[in-house]
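Remarks on the structure that follows.
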Amino acid sequence: MQTHLAGYLTSSFMLQGALLALEIAGLAMVAGLVLGLGLAMLRLSRSSVLSGIAWCYIWFMRGTPLLLQLVFIFDVLPAVGLTFGTFTTAVVGFSLNEAAFTAEIIRGGILSVNRSQSVAAAALGMPPLLTLRRIILPQAMRAILPALANQTISLIKGTSIASVIFVNELTFRAEQIVAQNFRFFEVFTAAGLIYLAMTSAVAVGQVVAERRFDFMREKREGFGRHLLLKFGRTRLPLRKEAARPEPPRERLPVLIASICRDLASGESDPCVVCRNVQKSYGDREVLQSVDLTVHTGEVVVIMGPSGSGKSTLLRLINHLEPVDWGEITVHGSHVGYETIPGGGLRPTRKLAQARARARIGMVFQHFNLFEHRTALDNITEAPIAVYRQSPDAAVAIGLRLLAAVGLSRHAGHFPHQLSGGQQQRVAIARALAVSPRVMLFDEPTSALDPELVGEVLAVIRGLAEAGMTMIIVTHEVRFARDVADRILFMDGGVIVEQGSPEQVLDHPSQERTRRFLRMVTKTEEEVA
């Protein structure tokens with residue numbers, strides 16, 4: 001019996017059937033992934049029509065038997081002039097069926113990625129498809145791969161269903177052999193072992209792929225390298241980045257002046273102008289007729305209670321949110337809008353390009369670093385992918401920026417390996433790498449422990465010293481007094497009052513401002 005079993009395992013007749021099954025499964029999975037990605041994008045579309053069409057397709061293909069679908073393609077379609085061979089029918093049928101399942105797998109993976117990742121990419125001027133390819137899908141793969149591997153294994157086993165339309169695959173050939181010699185056990189055992197070998201290869205590939213995309217996993221040194229390091233016979237660097245010569249640490253103001261454009265050129269030059277800006281979410285008015293002019297080189301700090309519209313105003317300036325009414329210009333140009341005949345405005349079709357041209361650097365409250373990229377890769381991503389800077393030049397600038405913010409030794413670290421203060425400094429360096437004309441800070445220290453706040457504020461002071469135009473949303477009264485040229489106090493979606501730090505912080509004219517400052521000052525004293 002063992003001789004018979006080994007013979008069937010090595011039989012060219014059986015192996016040819018296995019190869020045919022792999023060809024069907026491979027082609028169907030590739031086509032199913034392509035179609036599935038398209039369906040997933042349609043399901044995530046804001047268009048209810050497109051999303052509904054994709055949902056109906058997925059509902060139908062998942063809800064009807066695959067066997068029935070194959071028979072329909074093979075026996076029914078010829079009646080309307082569409083005739084396929086058995087192999088083509090199997091590939092088409094499995095592909096259309098797989099697309100429905102992979103679409104939901106991919107959609108689930110995309111939804112598992114925090115939306116802040118796409119928001120950060122948009123702020124850097126990355127278009128949606130580039131964001132999907134370089135930011136979202138690499139992170140989504142951690143959730144996609146296990147389910148996708150299961151689906152691939154099921155597909156390889158499911159190719160046996162193709163025997164119903166006379167595809168001469170492995171199971172069909174095993175049945176042909178059994179019909180001649182009646183050796184059920186040996187033949188079907190051999191077929192099962194061949195299937196097991198094929199699916200095991202997929203399982204091994206899954207492990208390799210998961211390790212490739214698991215950026216949270218700590219990388220370990222090989223055993224031989226570990227011994228060399230342990231016994232002191234070599235001083236090989238633990239990371240490639242550590243082998244690079246560290247650039248000399250430059251003072252941040254000097255560095256900013258050398259890599260950033262359009263720094264202070266006189267207060268007569270308006271940088272950001274908001275006119276009658278209004279924004280609502282449903283019935284809730286967030287901003288009500290806000291007028292604001294920020295001059296080049298000016299540092300404006302916006303303070304106010306939660307829900308007063310501070311962060312929303314920043315997002316409108318960079319067009320991360322559309323304006324309901326009014327207009328915003330950055331150095332005389334609208335971000336995300338274009339002028340139409342008659343003087344009106346309409347949304348531009350090239351929003352990502354408009355953001356990139358505006359060169360607005362934005363630093364978020366919760367850092368929003370790309371989790372699958374190292375600190376250096378976070379900084380070089382937009383210069384290379386959006387602004388087409390050469391990788392060598394982008395890396396050189398990135399290393400200089402990391403050194404300037406005191407993180408040159410952390411170039412190869414992922415965000416989860418950095419402290420909150422370190423992550424925020426990397427986020428600032430990332431925003432500076434695109435040579436911004438204005439920097440927006442959305443409560444850059446509110447997510448940090450008190451002992452980490454100082455290191456971030458020191459970097460922002462360096463930007464102010466360099467003449468960078470900045471709009472900063474913060475509750476840090478001491479920092480606002482130290483760095484701001486002008487302070488705005490907002491409440492209820494309006495600018496309640498504005499003036500120099502001395503006017504607003506020491507002699508506020510409005511009771512709402514005084515009440516807020518008493519509360520914030522008391523909190524700072526308790527923390528201190």
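My numbering puts the first residue of the sequence shown at 1, with every later residue one more than the last. Even glycine gets a Cβ: it sits at the ideal position worked out from N, Cα and C.
Original post:
Does the Cβ of lysine 279 have 16 or more other Cβ atoms within 10 Å, making it buried, or fewer, making it exposed?
Top reply: Along the sequence shown, one-based indexing puts residue 279 at 279. Classification for lysine 279: buried.
**OP:** Since I believe leucine 70 is in contact with isoleucine 161 (beta carbons under 8 Å), could you give me their beta-carbon distance rounded to a whole number of angstroms?
**Re:** On the sequence shown, position 161 is the one that residue 161 refers to. On the sequence shown, position 70 is the one that residue 70 refers to. Rounded, the Cβ-Cβ distance is 7 Å, consistent with contact.
Original post:
First and last residue of the alpha helix (DSSP H) that includes proline 138?
Top reply: Within the sequence shown, numbered from 1, the residue matching residue 138 stands at position 138. Unbroken alpha helix (DSSP H) run through proline 138: 137–158.
Subject >> Cβ-Cβ distance between valine 529 and glycine 361 below 9 Å >> reply: Here the chain has residues from 1 to 528 only, and residue 529 is not among them.
Subject >> alanine 40 versus arginine 515: straight-line alpha-carbon distance, rounded >> reply: Counting from one through the sequence shown, the residue named residue 40 turns up at place 40. Counting from one through the sequence shown, the residue named residue 515 turns up at place 515. If I take the Cα positions, the gap works out to 50 Å.
Subject >> N-terminal and C-terminal residue of the alpha helix (DSSP H) that valine 254 is part of >> reply: Here residue 254 refers to the residue found at position 254 when the sequence shown is read from its first residue. Segment 252–259, the alpha helix (DSSP H) holding valine 254.
Original post:
Taking 8 Å as the cut-off, does the CB of threonine 88 come closer than this to any heavy atom belonging to the ligand GTP?
Top reply: Inclusion of the ligand GTP in the displayed structure is not the case, the ligand content being empty and no account of it being possible.
Subject >> Endpoints, the alpha helix (DSSP H) within which isoleucine 24 is located >> reply: As a first step, residue 24 must be located in the sequence shown, where it is residue number 24. It spans 12–43 - the alpha helix (DSSP H) in which isoleucine 24 sits, taken as one unbroken run.
Subject >> Buried or exposed (CB count within 10 angstroms, at least 16 for buried), histidine 475 >> reply: As a working note, residue 475 is residue 475 in the sequence shown. Label assigned to histidine 475: buried.
**OP:** Express the C-alpha separation of alanine 385 and methionine 216 in angstroms, rounding to a whole number.
**Re:** Counting from 1 along the sequence shown, the entry for residue 216 is found at position 216. Counting from 1 along the sequence shown, the entry for residue 385 is found at position 385. Distance between the alpha carbons of methionine 216 and alanine 385 is about 24 Å.
**OP:** Quick one: grab the DSSP three-state call for aspartate 283.
**Re:** Residue mapping note: residue 283 aligns to position 283 of the sequence shown, counting from 1. Of the three classes helix, strand and coil, the one that applies to aspartate 283 here is coil, per DSSP.
Original post:
Are the beta-carbon atoms belonging to arginine 142 and glutamate 98 less than 9 Å from one another?
Top reply: Counting from one through the sequence shown, the residue named residue 142 turns up at place 142. Counting from one through the sequence shown, the residue named residue 98 turns up at place 98. Not in contact: arginine 142 and glutamate 98 (Cβ atoms no closer than 9 Å).
Subject >> CB of valine 119 within 9 Å of CB of asparagine 368, strictly >> reply: Residue mapping note: residue 119 aligns to position 119 of the sequence shown, counting from 1. Residue mapping note: residue 368 aligns to position 368 of the sequence shown, counting from 1. The answer is yes: Cβ separation under 9 Å.
Original post:
Can you give the Cα-Cα distance for valine 30 and glycine 63, rounded to whole angstroms?
Top reply: Counting from 1 along the sequence shown, the entry for residue 30 is found at position 30. Counting from 1 along the sequence shown, the entry for residue 63 is found at position 63. Their Cα atoms are separated by approximately 22 Å.
Original post:
For leucine 148, which residues of its own chain have a beta-carbon under 6 Å away from its beta-carbon, when the five flanking residues on both sides are left out?
Top reply: Taking the first residue of the sequence shown as 1, we reach residue 148 at position 148. Ile105.
Original post:
How would you call glycine 467, buried or exposed, if buried means at least 16 neighbouring beta carbons within 10 angstroms?
Top reply: Counting from one through the sequence shown, the residue named residue 467 turns up at place 467. Buried: at least 16 other Cβ atoms inside 10 Å.
**OP:** Starting from the C-beta of serine 112, find all residues in its chain whose C-beta is less than 7 Å away, skip the five residues before and the five after it, and write them out in chain order.
**Re:** For the purposes of this step, residue 112 is taken as residue 112 along the sequence shown, with counting starting at 1. For serine 112, where only same-chain residues beyond five positions count, the Cβ hits under 7 Å are Ala140, Ala143.
Original post:
Name the DSSP bridge partner or partners of tyrosine 57?
Top reply: As a first step, residue 57 is located in the sequence shown; it is residue number 57 there, counting from the start. DSSP lists no partner for tyrosine 57.
**OP:** Compute the beta-carbon to beta-carbon distance between serine 446 and glutamine 498, rounded to the nearest angstrom, for a pair I have assumed lies under 8 Å.
**Re:** For the purposes of this step, residue 446 is taken as the residue at position 446 of the sequence shown. For the purposes of this step, residue 498 is taken as the residue at position 498 of the sequence shown. Going by Cβ atoms, the distance from serine 446 to glutamine 498 rounds to 21 Å, so no, they are not a contact pair.
Subject >> asparagine 276 (DSSP reduced to helix, strand or coil) >> reply: Position 276 of the sequence shown, counting from 1, holds the residue named residue 276. Note: asparagine 276 maps to strand in three-state DSSP.
Original post:
So alanine 54 packs on leucine 42, CB below 8 Å; how close in whole Å?
Top reply: Taking the first residue of the sequence shown as 1, we reach residue 54 at position 54. Taking the first residue of the sequence shown as 1, we reach residue 42 at position 42. Right, their Cβ atoms sit about 4 Å apart.
Original post:
If you run the structure through DSSP and keep just helix, strand and coil, what is isoleucine 340?
Top reply: Residue mapping note: residue 340 aligns to position 340 of the sequence shown, counting from 1. Three-state result, isoleucine 340: coil.
**OP:** Examine the Cβ distances between the region 453–468 and the region 282–295 and report whether three or more of them are shorter than 8 Å.
**Re:** no
Subject >> Collapsed DSSP secondary structure at glutamate 267 in the structure displayed >> reply: For this step, residue 267 is matched to residue 267 along the sequence shown. Only weak support is given to the placement of glutamate 267: the predicted model assigns it a pLDDT of 49, under 50, and the value that follows is read from those uncertain coordinates. If DSSP states are grouped into helix, strand and coil, glutamate 267 belongs with coil.
Original post:
Closest by CA to threonine 348, which one among His334, Arg359, Ile495, Gly342?
Top reply: As a position in the sequence shown, residue 348 is number 348, starting the count at 1. The option with the nearest alpha carbon to threonine 348 is His334.
Original post:
Does the distance from the C-beta atom of alanine 191 to that of tyrosine 8 stay below 9 Å?
Top reply: Here residue 191 refers to the residue found at position 191 when the sequence shown is read from its first residue. Here residue 8 refers to the residue found at position 8 when the sequence shown is read from its first residue. A contact, by the Cβ cut-off of 9 Å.
**OP:** Alpha carbon to alpha carbon, how far is isoleucine 379 from proline 530? Give it in angstroms, no decimals.
**Re:** The structure shown does not extend to residue 530, since the chain is modelled only from 1 through 528, so no value can be given for it.
**OP:** Determine the extent of the alpha helix (DSSP H) in which aspartate 392 is found, giving its start and end residues.
**Re:** Numbered from 1 along the sequence shown, position 392 holds the residue referred to as residue 392. Taken as a continuous stretch (DSSP letters only), the alpha helix (DSSP H) holding aspartate 392 covers 391–404.
Original post:
CA-CA distance, phenylalanine 101 and alanine 79?
Top reply: Looking up residue 101 in the sequence shown gives position 101. Looking up residue 79 in the sequence shown gives position 79. Between phenylalanine 101 and alanine 79, the C-alpha separation is close to 28 Å.
Original post:
Looking only at C-alpha atoms, which of Pro127, Ala122, Gly17 sits nearest to threonine 159?
Top reply: Residue numbering aside, residue 159 sits at position 159 when the sequence shown is read from its first letter. Per the Cα distances, Gly17.
Subject >> Residues near glycine 222 in its chain [Cβ-Cβ closer than 8 Å; skip 5 each side] >> reply: Numbered from its first residue, the sequence shown carries residue 222 at position 222. Because the pLDDT of glycine 222 is 47, which lies under 50, any placement of that residue in the model is unreliable, and the question is left without a value.
**OP:** Would you decide whether valine 459 is buried or exposed? Buried here means 16 or more other CB atoms lie within 10 Å of its CB.
**Re:** As a working note, residue 459 is residue 459 in the sequence shown. So valine 459 counts as buried.
Original post:
Can you tell me the Cα-Cα spacing of phenylalanine 185 and alanine 174, whole angstroms?
Top reply: As a first step, residue 185 is located in the sequence shown; it is residue number 185 there, counting from the start. As a first step, residue 174 is located in the sequence shown; it is residue number 174 there, counting from the start. If you take the alpha carbons of phenylalanine 185 and alanine 174, they lie about 11 Å apart.
**OP:** Return the chain-ordered list of same chain residues with a C-beta closer than 6 Å to the C-beta of isoleucine 165, the five sequence neighbours on each side being excluded.
**Re:** Within the sequence shown, the letter at position 165 stands for residue 165. Only Leu70, Phe74, Thr86, Thr89 meet the Cβ criterion.
**OP:** Would you kindly work out how many angstroms separate the C-alpha atoms of serine 419 and isoleucine 428, rounded to a whole number?
**Re:** Position 419 of the sequence shown, counting from 1, holds the residue named residue 419. Position 428 of the sequence shown, counting from 1, holds the residue named residue 428. Between serine 419 and isoleucine 428, the C-alpha separation is close to 14 Å.
**OP:** Grab me the residues of proline 127's own chain with a C-beta within less than 6 Å of its C-beta, minus the 5 sequence neighbours each way, in chain order.
**Re:** For this step, residue 127 is matched to residue 127 along the sequence shown. Correct list, in chain order: Ala352.
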